[in-house]
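If you read the sequence shown in this note's numbering, its first letter stands for residue 224, the second for the next number, and so on.
The C-beta atom is built at its ideal place from N, Cα and C for all residues, glycine as well.
Notes to accompany the following structure.
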Amino acid sequence: MHPTAGSTPLLTVMTCRDAETIFDVFKAAAEGNRRSLPPGISAADDVRAVMRGGVAFFVAYRGQLRGEASPVGAIGYRWERGTLRIVHVGVKEEARGGGVAKRLVQAVEAVGAALGSTSVSAAVPQEYDHHKLFERFGYQVTGEGERLPMTKALAS
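Quick look at the structure:
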């Protein structure tokens, strides 16, 4: 099925190494909710630094076939002790509720499964109820703290 005029634009998730694009998404996501940027990220140079430290990123782009696509969400993840760990997630306000976060998380889960990981984990800020979103994706709270540790078992 191809999108027609007036239909919902396509959502594409791809690996991204452009620190400026990633930072712009996180900045817009934070401004839209009066939230802070992800810990340790206050400029594109910080994104470059976490990339050098082993964090990889996916960016979700929304756009039409053969048209311009704009970045609407980003997720950072790293391999830690045999599991993939989600370290940063941001979705622009205008794209919330459209499945962007779910697609980004699913992309990380697919990487984890391909690498043979038995689970994916995240440390989710409590103050914004992100844990409720992750619970809808099948994650379970596995501890306590300002950033709730959550884990999802992957099918083997």
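**Request:** Leaving out five residues on either side along the sequence, give the residues of the same chain with a beta carbon under 6 Å from the beta carbon of G299.
**Result:** For the purposes of this step, residue 299 is taken as residue 76 along the sequence shown, with counting starting at 1. For G299, where only same-chain residues beyond five positions count, the Cβ hits under 6 Å are V278, F280, V310, H311.
**Message:** I'd like to know if E316 contacts chain B, where contact means its C-beta is closer than 8 Å to some C-beta of that chain.
**Reply:** No chain B appears in this structure, which consists of one protein chain only.
**Request:** Tell me whether T374 is buried or exposed, calling it buried when 16 or more other Cβ atoms sit within 10 Å of its Cβ.
**Result:** As a working mapping, residue 374 is identified with position 151 in the sequence shown. When all chains shown are included, T374 counts as buried.
**Request:** In angstroms with no decimal places, state the Cα-to-Cα distance between P226 and V314.
**Result:** In the sequence shown, residue 226 corresponds to position 3, counting from 1. In the sequence shown, residue 314 corresponds to position 91, counting from 1. Annotation note: pLDDT 41 at P226 (below 50); position unreliable, coordinate value reported separately. P226 and V314: Cα-Cα distance of roughly 23 Å.
**Request:** Reducing DSSP to helix, strand and coil, say where P226 ends up.
**Result:** Taking the sequence shown and counting its residues from 1, one reaches residue 226 at position 3. Here the model assigns P226 a pLDDT of 41, short of 50, so the residue's position is not dependable, and the following value carries that caveat. Of the three classes helix, strand and coil, the one that applies to P226 here is coil, per DSSP.
**Request:** Out of Q363, A292, I245, state which residue places its alpha-carbon closest to the alpha-carbon of A272.
**Result:** Taking the first residue of the sequence shown as 1, we reach residue 272 at position 49. Looking at Q363, A292, I245, the one whose alpha-carbon comes closest to that of A272 is I245.
**Item:** Minimum C-alpha distance to R304 - residue among E254, A292, G339, A266
**Value:** As a working mapping, residue 304 is identified with position 81 in the sequence shown. Cα-wise, what sits closest to R304 is G339.
**Message:** Quick check on DSSP: helix, strand or coil for A337?
**Reply:** As a working mapping, residue 337 is identified with position 114 in the sequence shown. A337 falls in the helix class under three-state DSSP.
**Asked** Can you tell which of K355, E332, P348 has the C-alpha that lies nearest to the C-alpha of L371?
**Response** The residue given as residue 371 occupies position 148 in the sequence shown. Closest by alpha carbon: P348.
**Message:** Rounded to the nearest angstrom, what separates T341 and L234 at their Cα positions?
**Reply:** The count along the sequence shown starts at 1 and reaches residue 341 at position 118. The count along the sequence shown starts at 1 and reaches residue 234 at position 11. Looking at the two C-alpha atoms, the distance is approximately 27 Å.
**Message:** Tell me which residues share the same chain as A242 and place their Cβ nearer than 6 Å to its Cβ, disregarding the 5 neighbours each side in the sequence.
**Reply:** What you label residue 242 is simply residue 19 of the sequence shown in a count that begins at 1. Around A242: A267, V270, R271.
**Asked** In the DSSP assignment, what residue or residues form a beta bridge with Q329?
**Response** To locate residue 329, count along the sequence shown from 1; it is residue 106. DSSP lists no partner for Q329.
**Prompt:** Which residue from A346, V295, R308, V328 puts its Cα closest to that of A253?
**Reply:** Against the sequence shown, residue 253 aligns to sequence position 30. Checked all of A346, V295, R308, V328; the closest Cα to A253 is V295.
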